[in-house]
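Here the sequence shown is numbered in the numbering used here, starting from 18 and rising by one per residue.
Cβ coordinates follow ideal geometry from the N, Cα and C atoms, glycine included.
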Amino acid sequence: MPTKDKDFAKILQGKLVQARREAEERDAQRRAVKNDLEYIDLSTAPINVEAYDLIPEDSAKKAKAAPIEIKEQRLAIVVYDPELSETKELINDLKAKDYQLKIFVVSLSNLEYAWSFYKFSTKKTEEITGRVKIDEKRLAELKSGLTTLDGVKSALDVLGQAGGQTAQILEILLAGAMANRASDIHLEPTKQTVNLRLRIDGILHEVFGNFKPGVYLYLLSRVKLLSGLKINIHDEPQDGRFTIKFPNKEVEVRVAIAPSEFGEVVVMRLLDPETISLDLPELGLRKDDLEIIEKELKRPNGMILNTGPTGSGKTTTLYAFLKHKKSPEIKIITIEDPIEYHLEGIEQTQVDEEAGYTFANGLRSLMRQDPDVILVGEIRDKETGEIGVQAALTGHLVFSTLHTNTAAGAIPRLLDLGVKASSIGPALNLIIAQRLVRRLCLECKKEKTNPSNDLKIKIKNFLTKLPKRVNKNNFKEIKIFEPVGCPKCNNTGYKGRIAIYELLSVGPETEELITSQAGEPKIQKFALEQGMATMQQDGILKVISGITTLEEVEGITGPLEW
């Protein structure tokens, strides 16, 4: 047959299929009207596979029906023809079990599509729904080859060539990310393929770009199932979570899925409890800063605020404070959004906007629980700020966070939210600002043997300008190191991160500035006069201590002010 005739035949066949499909849907719509029910097209409707546990697959096919959504006792089902005796029998059986039914009429094609979801039924996938379990032997096998990004890439390559199962691919992704200390896994579809990137120490690294679209769709469905998300919704964002169970710990995974030009983008955030199980001395605080914090944590009441952008380590710092305060003699309660890490021996509650449990309402409720120490995940509005301040004034020690760039900026921020100036001053004990910089790899960092004269002069001048409370004797021997790169750090020259801090203690004179509603520049100037060391100064001190580099500090804090 000539090419033109073949093309014409294909077009004609496609039109005939489309015509039959449209006729089938019109027929379903007529059956819906006849029975006073709603018609639905499942190609645009969400399906919840948890509902499939209620009706066995054989029974559903016999009754020409399928469940598509379950919420408590409310069950939505689709049927081909509600007048069929088998369908009526199924409906009566469900009603007898006290289910409130919502019945939709669909075409046979739509019904077959609904039946296809039985392969994802939670009974059949009991081992993966909500939890991935990796035993000790398997973990050892995985880790042996996944300790570098090249190792992860090689493992995925081998699996791809061998036609590896989706479960194995996901296992490699999760174990590889954990072995390389990644905080986030990014799966990003492009026109030709799907790219894998891992965020390590705050920086994204390209790892793999050879996922076939078909493999990715199965992987996407598995992640959705684990996270309790709708697997047939592709055009709107969804958020969920699941757990990786290792032999000695559990790691929560927060999942965010969003539509993009070439498919759905997935970001999985790994919440490893080991990353936040730090004690005060492990936070990277200078001795003088550590002494201030230890003194403030001994106070029975007042407020300590921690400021900085998302991802600056505020949660880790505040959790270290909670660990330091934890004692059988006191009661500690938190209200968070969401609870990212579970702390033993501390009562943790989570914001639920739909149920009306906001930071403000939750904090008001917590006050009736007779706590000694309260952690409020974030002060976002006037009401939360005012209740937090009142809690600090009435005998409670309150920890919380604000999104400001500097410690001095926290006070104007509270004033902007509408918190009374006359209450802020007496309530505040300490304001902290922090950022994270990358640590030099201990295995490969190299000392600069000949720093320039200009750099030596700048460092010498810098040390003379430091506040009196900073012990300059600790920096008599100045060593500047630079990154090199080795297999241990994936050839980046950096491994791990450390915080740089600035601490603003609030005293009577600061209270006067707050009462007069002074702006950030005036508060910053006063704090520096009182001996506050800035984040940038703390960063440079970590540079001359051989911990990080000037490039890292400048990238985080801006141009260096020597």
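Exercise. When the distance is taken between beta carbons, is ALA113 closer than 9 Å to VAL95?
Worked result: As a first step, residue 95 must be located in the sequence shown, where it is residue number 78. As a first step, residue 113 must be located in the sequence shown, where it is residue number 96. By the CB criterion at 9 Å, VAL95 and ALA113 fall outside the cutoff.
Exercise. Identify the residues that DSSP records as bridge partners of ASP53: which are they?
Worked result: To locate residue 53, count along the sequence shown from 1; it is residue 36. Answer is none; ASP53 lacks a bridge partner.
Problem set entry | Cβ-based neighbour list, LEU236, same chain, cut-off 7 Å, excluding 5 preceding and 5 following | For the purposes of this step, residue 236 is identified with residue 219 of the sequence shown, where counting begins at 1. Excluding positions up to five away in sequence, the list reads THR183, ILE186, LEU187.
Exercise. For ILE564, is the classification buried or exposed, using 16 other Cβ atoms within 10 angstroms of its Cβ as the cut-off for buried?
Worked result: Within the sequence shown, numbered from 1, the residue matching residue 564 stands at position 547. So ILE564 counts as buried.
Exercise. Beta carbon of GLN365, beta carbon of THR375: below 9 Å?
Worked result: Walking along the sequence shown from the start, residue 365 turns up at place 348. Walking along the sequence shown from the start, residue 375 turns up at place 358. The answer is no: Cβ separation not under 9 Å.
Problem set entry | C-beta atoms of GLU269 and TYR358 nearer than 9 Å | Counting from 1 along the sequence shown, the entry for residue 269 is found at position 252. Counting from 1 along the sequence shown, the entry for residue 358 is found at position 341. A contact, by the Cβ cut-off of 9 Å.
Exercise. What did DSSP end up calling PRO206 once you bin it into helix, strand or coil?
Worked result: Within the sequence shown, residue 206 is the residue found at index 189, counting from 1. Three-state result, PRO206: strand.
Exercise. When you compare only the Cα positions, how much space is there between GLU144 and GLU361?
Worked result: Against the sequence shown, residue 144 aligns to sequence position 127. Against the sequence shown, residue 361 aligns to sequence position 344. Since pLDDT at GLU144 reaches only 44, below the 50 mark, its modelled position is unreliable, and no value is offered.
Problem set entry | Integer-rounded CB distance, given that VAL284 should sit under 8 Å from HIS341 | Here residue 341 refers to the residue found at position 324 when the sequence shown is read from its first residue. Here residue 284 refers to the residue found at position 267 when the sequence shown is read from its first residue. In fact, because the Cβ distance is near 32 Å, the residues do not count as touching under 8 Å.
Problem set entry | Counted within 10 angstroms of its Cβ, other Cβ atoms place GLN90 as buried (16 or more) or exposed | Within the sequence shown, the letter at position 73 stands for residue 90. So GLN90 counts as exposed.
Exercise. Touch check for the segment 204–212 and the segment 274–294: three-plus C-beta pairs under 8 Å?
Worked result: With contact defined as three or more Cβ pairs closer than 8 Å, the segment 204–212 and the segment 274–294 are in contact.
For this session: Name, in chain order, the residues that DSSP records as bridge partners for ARG258.
Result: Position 241 of the sequence shown, counted from the start, is the residue given in the question as residue 258. Paired residue(s): ARG271.
For this session: Would you identify the three-state DSSP class for GLU144, choosing helix, strand or coil?
Result: Sequence index remark: in the sequence shown, residue 144 carries index 127 (1-based). Confidence is the limiting factor: at GLU144 the pLDDT is only 44, short of 50, which leaves the residue's position unreliable, though a coordinate-based value still follows. In this structure, GLU144 counts as coil in the three-state DSSP scheme.
Exercise. Of all the alpha helix (DSSP H) runs that stay within the bounds of the segment 477–539, which reach a length of 4 or more residues?
Worked result: The segment 477–539 contains these whole alpha helix (DSSP H) runs: 525–532.
Problem set entry | Per DSSP, the bridge partner or partners of PRO276 | Locating residue 276 in the sequence shown gives position 259, counting from the first residue. Residue pairing by DSSP puts PRO276 in a beta bridge opposite GLU281.
Problem set entry | Outcome for LYS88 when other beta-carbon atoms lying within 10 angstroms are tallied against a minimum of 16 | Here residue 88 is taken as the residue at index 71 of the sequence shown, counted from 1. Result: exposed.
Exercise. Comparing alpha-carbon positions, which option in GLY524, THR509, GLY536 lies nearest THR17?
Worked result: Absent from the structure is residue 17, since the part of the chain shown begins at 18 and ends at 579.
Exercise. What residues in its chain sit with their C-beta under 7 Å from that of ALA199, if we drop five residues either side in the sequence?
Worked result: For the purposes of this step, residue 199 is taken as residue 182 along the sequence shown, with counting starting at 1. Within the same chain, and ignoring the five residues on either side of ALA199 in sequence, the residues whose Cβ sits closer than 7 Å to its Cβ are LEU215, ARG216, ILE217, LEU287.
Problem set entry | Simplified DSSP assignment, three categories, for LEU221 | Counted from its first residue, the sequence shown places residue 221 at position 204. Here LEU221 sits in strand by DSSP.
Problem set entry | Nonlocal neighbours in the same chain, by C-beta distance under 8 Å from THR142, ignoring five residues either side | Here the question's residue 142 lines up with position 125 in the sequence shown. Because the pLDDT of THR142 is 43, which lies under 50, any placement of that residue in the model is unreliable, and the question is left without a value.
Exercise. What are the start and end residues of each continuous alpha helix (DSSP H) run of 4 or more residues lying completely inside the segment 68–136, in chain order?
Worked result: Listed in chain order, the complete alpha helix (DSSP H) runs (minimum 4 residues) inside the segment 68–136 are 74–79, 102–113, 125–132.
Exercise. Where does ASP305 sit, in a helix, a strand or coil, going by DSSP?
Worked result: Numbered from 1 along the sequence shown, position 288 holds the residue referred to as residue 305. In the structure shown, ASP305 falls within a helical segment according to DSSP collapsed to helix, strand and coil.
Exercise. In whole angstroms, what is the alpha-carbon distance linking LEU431 and ARG43?
Worked result: Here residue 431 refers to the residue found at position 414 when the sequence shown is read from its first residue. Here residue 43 refers to the residue found at position 26 when the sequence shown is read from its first residue. Using only the alpha carbons, I get a separation of about 60 Å.
Problem set entry | Cα-Cα separation between GLU267 and ALA68, rounded to whole angstroms | Start at 1 with the first residue of the sequence shown, and residue 267 comes out as number 250. Start at 1 with the first residue of the sequence shown, and residue 68 comes out as number 51. Going by the C-alpha atoms only, they are around 28 Å apart.
Exercise. Pairing CB atoms from the segment 63–80 with CB atoms from the segment 122–133, are three or more of them under 8 Å?
Worked result: In the pairwise beta carbon analysis, the segment 63–80 is classified as touching the segment 122–133: at least three pairs are separated by under 8 Å.
Exercise. Hey, out of GLU578, ALA93, PRO525, PHE498, whose CA is closest to ILE72's CA?
Worked result: The residue labelled residue 72 in the question sits at position 55 within the sequence shown. Looking at the Cα atoms, ALA93 is the closest of the given residues.
Problem set entry | For PHE498 and GLU578, the rounded distance between their alpha carbons | Stepping through the sequence shown from its first residue, residue 578 is reached at position 561. Stepping through the sequence shown from its first residue, residue 498 is reached at position 481. Linking GLU578 to PHE498 through their CA atoms gives a straight-line distance of about 20 Å.
Problem set entry | the segment 529–544 / the segment 466–483 touching (three or more Cβ pairs under 8 Å) | Flag = no, the segment 529–544 and the segment 466–483 do not touch.
Exercise. Between the C-alpha atoms of LYS160 and GLU291, what's the straight-line distance to the nearest angstrom?
Worked result: As a position in the sequence shown, residue 160 is number 143, starting the count at 1. As a position in the sequence shown, residue 291 is number 274, starting the count at 1. Using only the alpha carbons, I get a separation of about 17 Å.
Exercise. In or out: THR401 buried (at least 16 other Cβ within 10 Å) or exposed?
Worked result: Here residue 401 is taken as the residue at index 384 of the sequence shown, counted from 1. When all chains shown are included, THR401 counts as buried.
Exercise. When the Cα of ALA194 is compared with those of ASP389, GLU519, ASP289, VAL123, which residue comes out closest?
Worked result: Within the sequence shown, numbered from 1, the residue matching residue 194 stands at position 177. Of all alpha-carbon atoms in ASP389, GLU519, ASP289, VAL123, the one lying nearest the alpha-carbon of ALA194 is that of ASP289.
Problem set entry | Residues that ARG286 bridges to, as DSSP identifies them | In the sequence shown, the residue the question calls residue 286 occupies position 269. According to DSSP, which records beta bridges pairwise, ARG286 is partnered with ASP201, ARG271.
Problem set entry | For GLU311 and LEU297, believed in contact at Cβ under 8 Å, the rounded distance | By 1-based counting over the sequence shown, the position of residue 297 is 280. By 1-based counting over the sequence shown, the position of residue 311 is 294. About 7 Å separates the CB atoms of LEU297 and GLU311; that is less than 8 Å, so the two are in contact.
Exercise. For THR165 versus PRO504, is the C-beta spacing smaller than 9 Å?
Worked result: As a working note, residue 165 is residue 148 in the sequence shown. As a working note, residue 504 is residue 487 in the sequence shown. Yes; because the gap between Cβ atoms is below 9 Å, this pair is in contact.
Problem set entry | Where the alpha helix (DSSP H) through GLY632 begins and ends | Nothing can be reported for residue 632, as the shown portion of the chain is limited to 18 through 579.
Exercise. Per DSSP, what kind of secondary structure is LEU176 in: helix, strand or coil?
Worked result: Here residue 176 refers to the residue found at position 159 of the sequence shown. Helix.
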